[in-house]
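Remarks on the structure that follows.
4 protein chains.
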Amino acid sequence: MAAARADARRNRETVLRTAMCVFAEEGLGVSLGRIAQRAGVGAGTVYRHFPSKDILVEAVLAEHLESLVGAADRWAARAVPGEALFGFLLEVIDTSAGRLPVCEAITTDGSWPRAVLGAAEQRFHGALERLLRDAQQAGAVRADVRVDDLSALLAGGVAMRSTHRDQTRGSRLVRLTLDALRTPPVTKAFRDRPGKPRHETTAPRHCAECGARLPVRPTGRPPRYCGPTCRQRAHRRSR
Amino acid sequence: MAAARADARRNRETVLRTAMCVFAEEGLGVSLGRIAQRAGVGAGTVYRHFPSKDILVEAVLAEHLESLVGAADRWAARAVPGEALFGFLLEVIDTSAGRLPVCEAITTDGSWPRAVLGAAEQRFHGALERLLRDAQQAGAVRADVRVDDLSALLAGGVAMRSTHRDQTRGSRLVRLTLDALRTPPVTKAFRDRPGKPRHETTAPRHCAECGARLPVRPTGRPPRYCGPTCRQRAHRRSR
Amino acid sequence: MAAARADARRNRETVLRTAMCVFAEEGLGVSLGRIAQRAGVGAGTVYRHFPSKDILVEAVLAEHLESLVGAADRWAARAVPGEALFGFLLEVIDTSAGRLPVCEAITTDGSWPRAVLGAAEQRFHGALERLLRDAQQAGAVRADVRVDDLSALLAGGVAMRSTHRDQTRGSRLVRLTLDALRTPPVTKAFRDRPGKPRHETTAPRHCAECGARLPVRPTGRPPRYCGPTCRQRAHRRSR
Amino acid sequence: MAAARADARRNRETVLRTAMCVFAEEGLGVSLGRIAQRAGVGAGTVYRHFPSKDILVEAVLAEHLESLVGAADRWAARAVPGEALFGFLLEVIDTSAGRLPVCEAITTDGSWPRAVLGAAEQRFHGALERLLRDAQQAGAVRADVRVDDLSALLAGGVAMRSTHRDQTRGSRLVRLTLDALRTPPVTKAFRDRPGKPRHETTAPRHCAECGARLPVRPTGRPPRYCGPTCRQRAHRRSR
DNA sequence: AATGAATGAGGTTTCATTCAT
DNA sequence: GATGAATGAAACCTCATTCAT
Numbered sequence: 228m229a230a231a232r233a234d235a236r237r238n239r240e241t242v243l244r245t246a247m248c249v250f251a252e253e254g255l256g257v258s259l260g261r262i263a264q265r266a267g268v269g270a271g272t273v274y275r276h277f278p279s280k281d282i283l284v285e286a287v288l289a290e291h292l293e294s295l296v297g298a299a300d301r302w303a304a305r306a307v308p309g310e311a312l313f314g315f316l317l318e319v320i321d322t323s324a325g326r327l328p329v330c331e332a333i334t335t336d337g338s339w340p341r342a343v344l345g346a347a348e349q350r351f352h353g354a355l356e357r358l359l360r361d362a363q364q365a366g367a368v369r370a371d372v373r374v375d376d377l378s379a380l381l382a383g384g385v386a387m388r389s390t391h392r393d394q395t396r397g398s399r400l401v402r403l404t405l406d407a408l409r410t411p412p413v414t415k416a417f418r419d420r421p422g423k424p425r426h427e428t429t430a431p432r433h434c435a436e437c438g439a440r441l442p443v444r445p446t447g448r449p450p451r452y453c454g455p456t457c458r459q460r461a462h463r464r465s466r
Numbered sequence: 228m229a230a231a232r233a234d235a236r237r238n239r240e241t242v243l244r245t246a247m248c249v250f251a252e253e254g255l256g257v258s259l260g261r262i263a264q265r266a267g268v269g270a271g272t273v274y275r276h277f278p279s280k281d282i283l284v285e286a287v288l289a290e291h292l293e294s295l296v297g298a299a300d301r302w303a304a305r306a307v308p309g310e311a312l313f314g315f316l317l318e319v320i321d322t323s324a325g326r327l328p329v330c331e332a333i334t335t336d337g338s339w340p341r342a343v344l345g346a347a348e349q350r351f352h353g354a355l356e357r358l359l360r361d362a363q364q365a366g367a368v369r370a371d372v373r374v375d376d377l378s379a380l381l382a383g384g385v386a387m388r389s390t391h392r393d394q395t396r397g398s399r400l401v402r403l404t405l406d407a408l409r410t411p412p413v414t415k416a417f418r419d420r421p422g423k424p425r426h427e428t429t430a431p432r433h434c435a436e437c438g439a440r441l442p443v444r445p446t447g448r449p450p451r452y453c454g455p456t457c458r459q460r461a462h463r464r465s466r
Numbered sequence: 228m229a230a231a232r233a234d235a236r237r238n239r240e241t242v243l244r245t246a247m248c249v250f251a252e253e254g255l256g257v258s259l260g261r262i263a264q265r266a267g268v269g270a271g272t273v274y275r276h277f278p279s280k281d282i283l284v285e286a287v288l289a290e291h292l293e294s295l296v297g298a299a300d301r302w303a304a305r306a307v308p309g310e311a312l313f314g315f316l317l318e319v320i321d322t323s324a325g326r327l328p329v330c331e332a333i334t335t336d337g338s339w340p341r342a343v344l345g346a347a348e349q350r351f352h353g354a355l356e357r358l359l360r361d362a363q364q365a366g367a368v369r370a371d372v373r374v375d376d377l378s379a380l381l382a383g384g385v386a387m388r389s390t391h392r393d394q395t396r397g398s399r400l401v402r403l404t405l406d407a408l409r410t411p412p413v414t415k416a417f418r419d420r421p422g423k424p425r426h427e428t429t430a431p432r433h434c435a436e437c438g439a440r441l442p443v444r445p446t447g448r449p450p451r452y453c454g455p456t457c458r459q460r461a462h463r464r465s466r
Numbered sequence: 228m229a230a231a232r233a234d235a236r237r238n239r240e241t242v243l244r245t246a247m248c249v250f251a252e253e254g255l256g257v258s259l260g261r262i263a264q265r266a267g268v269g270a271g272t273v274y275r276h277f278p279s280k281d282i283l284v285e286a287v288l289a290e291h292l293e294s295l296v297g298a299a300d301r302w303a304a305r306a307v308p309g310e311a312l313f314g315f316l317l318e319v320i321d322t323s324a325g326r327l328p329v330c331e332a333i334t335t336d337g338s339w340p341r342a343v344l345g346a347a348e349q350r351f352h353g354a355l356e357r358l359l360r361d362a363q364q365a366g367a368v369r370a371d372v373r374v375d376d377l378s379a380l381l382a383g384g385v386a387m388r389s390t391h392r393d394q395t396r397g398s399r400l401v402r403l404t405l406d407a408l409r410t411p412p413v414t415k416a417f418r419d420r421p422g423k424p425r426h427e428t429t430a431p432r433h434c435a436e437c438g439a440r441l442p443v444r445p446t447g448r449p450p451r452y453c454g455p456t457c458r459q460r461a462h463r464r465s466r
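Protein chains in written order, with my numbering: chain A, 228 to 466; chain B, 228 to 466; chain C, 228 to 466; chain D, 228 to 466.
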């Protein structure tokens, strides 16, 4: 009987792994029959372990999340707080890129019985939260970022990676995007009055003429134009 | 006869608009029967105008793209180059947020007969290209960004917006992400030798202690830490 | 109004002729939409003239039968009784070969409202009957053949012609089969009766060597072979 | 497991047999739903065994052909060459009469994936070929007949039988037609060659009055009528 | 009278799920 | 516990027929 149980567990694993691959390859639309076939088991066996298709999809996602929790722990253990978070986010996006359909099933469709996912999802969010908190305490990440921002950012990153026709540039784009989380370059004054950037809101951030980004400087009169050219042009216009 | 044609066109519009809504609400999985029902027409009528489901989905997407091309033109007409691009990207993401499933059908699944979409897609890409070129010539956007980066970025932005449980913060996150495209703060030296940042590769870009982003300055000795705090902390650790 | 009527009649003709072709080419399964398309008219026009598909099929068959009645009269007018019948049967089979599906719709399926066909069918059977009676009175055809035998024989002939992969041999097979109707070799007493062409029935009708049809001549010794070549070949074989 | 397989096989048989009947009764137009209903199984079961309608039709035909191959072997085993062929052809026509629609699906429509039928069809043609060859070697059948002639002849025979409103006369007509294959009356020299039954071909094979088949006897004067009744009737007529 | 859009029942096919073996 | 055959609802698509223009 123990042997039987071992058999059953092995079968469960097989089905789960197969489903993961097939979902990734052909989308969530594949029939369970196909999965059973690819797993080399009968349709009934799939149903014994996963009483419905939704449950199977959830199990696949939970498995994925679980493995990501492991990755989070590894990153937390071996890197300084900020880099741990960025490393983890990148890894999540990389390993999830092929699984877009599965992820979307969860994120997009609100009709999912969140309860079932619960365990894995909470552990995942917990891990994410810890990494974020540490990174923020280390000052590596903007203070106004929350866990749910990260979730959304992950979804976005996966979408970018999966969508970009050029894998290398897709990767690069994701890194560029993640950098948006980093604490922006700050000055002494800013650092001394944390949370109150001097010009954060009052100073113009873009050239009033051409829209170019203006450099942020903590002191002095904030510029209104990106340079003499634009200033002149605006002056002309104002007459 | 002309009247009959008008009727037909109206019907086509109705079906198209209904399909747009229903796809957005319930995903691409909905049956054509349901769409027909919601549109208040017979199943055959849907079929008459869109001979297959794929064709209907394409039509919905094409319609959407077409409207976006209009938006692109409006932005190009009424804003300075850089802001036109950013405004357009934001609008695309905002108006596409509800249509995630439709967009994904296109971006995710490579099996689409691109030919059919062709017209609308090319016009969309053309518009995107023009906005990007102008923005880059105005120096408002990084020179190393390409159109396909923008496509991927859009997909990512839509995913973020749709995924974030808090709409407001989702919006904010998207804006933050788009800013990654902006030309990074540069100095005179950099501006004079465009494309050749002084320390671009040799200087450390992140604080060696906390990982915070380091300001890039074209002259002087590049800093290793983000500030005295980290320098001190590193010093302590090195003893 | 008279003009309108002429238009309508012309339309009816067009539809009928088109239906004939299309049925012959693609079977009875084709949709009326296709026929309307090929005829260059609207679906409604088809229905105005032929209120249902069955009625259209019947009309096509009736038209065909009507034209065959004409052929029967021509044969009756220009050939000796026996040959008139055989010529007519061959012509029927030849012209019906492409129309197998239509014919079958009538002969096979007992569910047809015979009443509607009535007129054309009766005229056709009448013509057939006359040809048969004359041929039998001339002694060219077995006395025990009835009109319904001929109908069945026609169906069989059409099937053979349509089925045989080799058109030429199909034709030959049909002729061979029709010959089964001819009066079998009879005794001297029978042959001597007046009003009978001398060799009409006793003379061999095909070359005993190669099976080619032999010309029928009322006088002289009937040939056994189609020419010197076959005669020589048979002579050699008999040694 | 074996039991399940046995069940499945039984089900397959049921569906096949039902389809055979229903096709014969109502034509190839019947819906698979109807067949499933008549077979007492679900629509899915039909589909499991025959993944498409075409495949089911083919299977029905293949089954039929297979059974005919058996019949061919039986005839070859128990009759002299010539009679074996004729007996077989008659049996084919008789048993196929009800199945006209199925046969036509094959013979009429060239669009069939012959590959699938292949096996059964080739075996059938092989059997036909053997019977024909033997019959020709025995001199019972014209030397210029080929297998494809027989195929077409069979189609024609089936059409005749199915079409004739009077079954008995239909049968008679078919026999008459098949006789067209027999070696035509030959000359003395030919007749005297050894190994040939005396009256095989020259003696009348059917009653000159009523067309009934005459017994073939190798010796004695061959009868001209099937019995005294017909002889008397013919006598009366000749006066 | 002609057009062709609209209709909707019905056809084939698919597949999640159950159940006998 | 595993198997895979059976089920039947539902999807997509077709087309004979009607009807507004």
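Ideal Cβ placement from N, Cα and C applies to all residues, glycine included.
Judging by CA-CA distance, which residue of the options is the nearest neighbour of residue i?
i         : options                                    : result
C:Arg-399 : C:Met-387, C:Leu-408, C:Arg-409            : C:Met-387
D:Thr-390 : D:Gly-353, D:Arg-409, D:Pro-450, D:Arg-326 : D:Arg-326
D:Thr-245 : D:Leu-377, D:Glu-318, D:Leu-283, D:Asp-406 : D:Leu-283
D:Arg-265 : D:Lys-280, D:Met-247, D:Ser-279            : D:Met-247
B:His-276 : B:Leu-292, B:Thr-241, B:Leu-316, B:Leu-255 : B:Thr-241
D:Ala-289 : D:Asp-300, D:Leu-243, D:Gly-267            : D:Leu-243
D:Val-268 : D:Ser-279, D:Glu-293, D:Arg-239            : D:Arg-239
C:Pro-308 : C:Ser-258, C:Asp-361, C:Leu-316            : C:Asp-361
C:Thr-322 : C:Ala-303, C:Ala-299, C:Ala-306, C:Glu-310 : C:Ala-299
D:Arg-392 : C:Ala-379, C:Gly-397, C:Arg-392            : C:Ala-379
C:Gln-364 : C:Leu-312, C:Leu-259, C:Pro-455            : C:Leu-312
D:Leu-359 : D:Cys-457, D:Leu-377, D:Ala-407, D:Ile-320 : D:Leu-377
Just mark residue i as buried or exposed, buried being the case when its beta carbon has 16 or more other beta carbons within 10 Å.
i         : result
B:Thr-395 : exposed
B:Gln-459 : exposed
B:Pro-278 : exposed
C:Ala-233 : exposed
A:Arg-237 : exposed
C:Leu-403 : buried
A:Gly-383 : buried
A:Arg-409 : buried
D:Glu-285 : buried
C:Gly-260 : exposed
For residue i, write down the residues that DSSP places opposite it in a beta bridge.
i         : result
A:Arg-409 : A:Val-368
Between which two residues does the alpha helix (DSSP H) carrying residue i extend?
i         : result
D:Tyr-274 : 270-276
C:Arg-265 : 259-266
D:Ser-389 : 374-390
C:Asp-281 : 280-305
C:Gly-309 : 308-323
Checklist entry - Of the residues that make up the stretch 306-317 of chain D, which ones have a beta carbon closer than 8 angstroms to any beta carbon in chain C? => result none
Checklist entry - Which residues, in order along the stretch 373-396 of chain B, keep a beta-carbon less than 9 angstroms from a beta-carbon of chain A? => result Against chain A - using a Cβ distance shorter than 9 angstroms - the residues of the stretch 373-396 of chain B are Arg-373, Asp-375, Asp-376, Ser-378, Ala-379, Leu-380, Leu-381, Ala-382, Gly-383, Gly-384, Val-385, Ala-386, Met-387, Arg-388, Ser-389, Thr-390, His-391, Arg-392, Asp-393, Arg-396.
Checklist entry - Of all the residues that make up the stretch 352-369 of chain A, which are near chain B by a beta-carbon distance shorter than 8 angstroms? => result When C-beta distances to chain B are compared with 8 angstroms, the residues of the stretch 352-369 of chain A below that value are Ala-362, Ala-365, Gly-366, Ala-367, in chain order.
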